[in-house]
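Asks: Starting off with a structure, shown below.
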Amino acid sequence: MTLIFLAELVATTQCGIASYYGKGDGFAGQITASGEVMSPSKMTTAHKRLPMGTRVRVTNRRSKRSVVVRVNDRGPYSGGRILDLSYGAFTRISSPSSGVIPVCYTIL
């Protein structure tokens, strides 16, 4: 597992599926893994292994729209997803009706 994590940090770009949370799911106002209060309007994301505070540029592979977010939580833990964006970050790059979207992220 350590080798996978190190390879992930070295590889500056990863691609996969992203979802969102914080709107209508009970997570807004809850404490994140970083100790912050989850705010749907903040430009944040959950990631399984990247260090807290890491900034990444997330690009919707369909629309080519991007947003810069900061890792402040852990997850996602379903569906093979690589990021769980805050609702606010997700809506900057896609309609929430999409639910999940193909993305690439680059560590900044």
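Numbering (the numbering used here), first residue to last: 916 to 1023. Heads up, the beta-carbon is just placed ideally off N, CA and C, and yes, glycines get one too. Note that this is a predicted model, so its numbers are computed, not measured.
(1) So, at 7 Å on beta carbons, what are the nonlocal neighbours of MET916 in its own chain, with the 5 sequence-adjacent residues on each side left out?
(2) Using a Cβ-Cβ cut-off of 7 Å (strictly less than) and excluding sequence neighbours within five positions of ILE997, which residues of its own chain qualify?
(3) Which residues share a DSSP beta bridge with SER1001?
(4) Should TYR1020 go down as buried or exposed, given a rule of 16 or more other Cβ atoms within 10 Å for buried?
(5) Quick check on TYR992: buried or exposed, where buried means 16 or more other Cβ atoms within 10 Å of its Cβ?
(6) Would DSSP call PRO1017 helix, strand or coil?
(7) Taking the alpha carbon of VAL982 as the reference point, which residue from VAL1015, ASP940, GLY941 and SER1001 has its own alpha carbon closest?
(8) From what residue to what residue does the beta strand (DSSP E) around ALA961 run?
Replies: According to the data block:
(1) Because the pLDDT of MET916 is 46, which lies under 50, any placement of that residue in the model is unreliable, and the question is left without a value.
(2) GLN929, GLY931, ILE932 and ALA933
(3) TYR936
(4) buried
(5) exposed
(6) strand
(7) SER1001
(8) 959-961
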